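Let me begin by presenting the structure, written as structure tokens, before commenting on it.
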Amino acid sequence: MKLLPLLLLALLTSCASVAENPTPPAYVSEAPLPKGWPEPGPYDQVTEKSLPAYRAAFTSQAGQGRAFWRLFLHIKNNDIPMTAPVEMAMDPTEGRLERSTMAFLYQNESVGATGPAGKAIEVRDVPAARVLSYTWQGADTAATLAKAREALDTALAARRLRATSYRLLGYNGPSTPRAKRTWELQAVLK
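The opening position of the sequence shown corresponds to residue 0 in this note's numbering, with each subsequent residue numbered one higher.
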């Protein structure tokens, strides 16, 4: 009978410890990153990154699902390997960020060719850039995007920097549970 109170105390202590120290976020890789591309993170903080030049297929964001499948069929039909992340240009609209284009990044700049690639896709080379980045794990809701943008805008003001644009990078697909998906909002610097 004396053992039961000790077991209950041990259980409560371990539960409190888990609640205080949740498992830290970790990147779940589903596809290779493009050549020279840094892994996402660190999580839940703003960092400055230098990104290499890259090639990507772009399409308008007329419906996220439709844009994704249009790009997926493009890489499948052209034998272009899938990479992560998927890039979405984010346009500031009435204080919010709205997705405007989606892009699949190629493995490197020697894959495929630039120019129009069908009715609604254009393949472009994107120059190297410096960005401020905020990475999180979970959903890409309006609230999480607002939190990420606020963190970036605060860091931009503190460093006296200006962003030329914003982009959202999604590193995981539907096979990864929503709570484990990695997202990165970037402010591209002048």
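Using N, Cα and C, we set each Cβ at its ideal position, and we do this for glycine too. Predicted model only: the values in this text are computed from it and were never measured.
Starting from residue i, follow the alpha helix (DSSP H) in both directions and report where the run begins and ends.
i, result
"D152", "A141 to R158"
Quick one: grab the DSSP three-state call for residue i.
i, result
"W135", "strand"
"W36", "coil"
"R180", "coil"
"V187", "strand"
"G117", "coil"
"V17", "Low per-residue confidence applies at V17: pLDDT is 43, beneath 50, and the placement is therefore not dependable, though the value from the model is reported in the following sentence. Three-state DSSP puts V17 in a helix."
"L11", "The pLDDT assigned to L11 is 45, lower than 50, so where the model puts this residue is not dependable; a value taken from the coordinates is nonetheless given after this. Helix."
"G64", "helix"
"N76", "helix"
"A25", "coil"
Since residue i is in the beta strand (DSSP E), which residue starts that stretch and which ends it?
i, result
"Y53", "Y53 to S59"
"E121", "E121 to V125"
"A102", "R95 to L104"
Does residue i pass the burial test, meaning 16 or more other C-beta atoms within 10 Å, or should it be called exposed?
i, result
"E196", "Within the shown structure, residues of the chain are numbered from 0 to 189, placing residue 196 beyond reach of any answer."
"E86", "buried"
"L10", "Confidence at L10 is low in this model, with a pLDDT of 45, below 50, so its placement is unreliable and the value that follows should be read with caution. By the 10 Å Cβ count, L10 comes out exposed."
"T92", "exposed"
"R212", "Because the chain spans 0 through 189 in this model, residue 212 falls outside it and cannot be assessed."
"Y111", "Going by the sequence as given, residue 111 is Gly instead of Tyr. Classification of G111: buried, given that the 10 Å Cβ count is 16 or more."
"E97", "exposed"
"E149", "exposed"
"P84", "buried"
"R180", "buried"
"W68", "exposed"
"A141", "exposed"
"R159", "exposed"
"R166", "buried"
"G116", "Reading off the sequence, residue 116 comes out as Ala, not Gly. The residue in question, A116, is buried, as its Cβ has 16 or more Cβ neighbours within 10 Å."
"T163", "exposed"
According to DSSP, what are the bridge partners of residue i?
i, result
"P173", "Beta-bridge pairing links P173 to no other residue."
"Q44", "Per DSSP, none; premise fails for Q44."
"S164", "V187"
"D90", "E97"
"A30", "In the DSSP output, where bridge partners are listed per residue, A30 has none listed."
"V85", "F103 and G169"
"A128", "L50"
Worksheet item: Is the segment 68-85 close to the segment 124-138, with three or more CB pairs under 8 Å?
Response: The answer is no - the segment 124-138 does not touch the segment 68-85, with fewer than three Cβ pairs under 8 Å.
Worksheet entry | Touching by the beta-carbon criterion (3+ pairs, under 8 Å), the segment 29-45 and the segment 97-109 | yes
Worksheet item: Can we say the segment 43-60 touches the segment 133-140, given the rule of at least three CB pairs closer than 8 Å?
Response: yes
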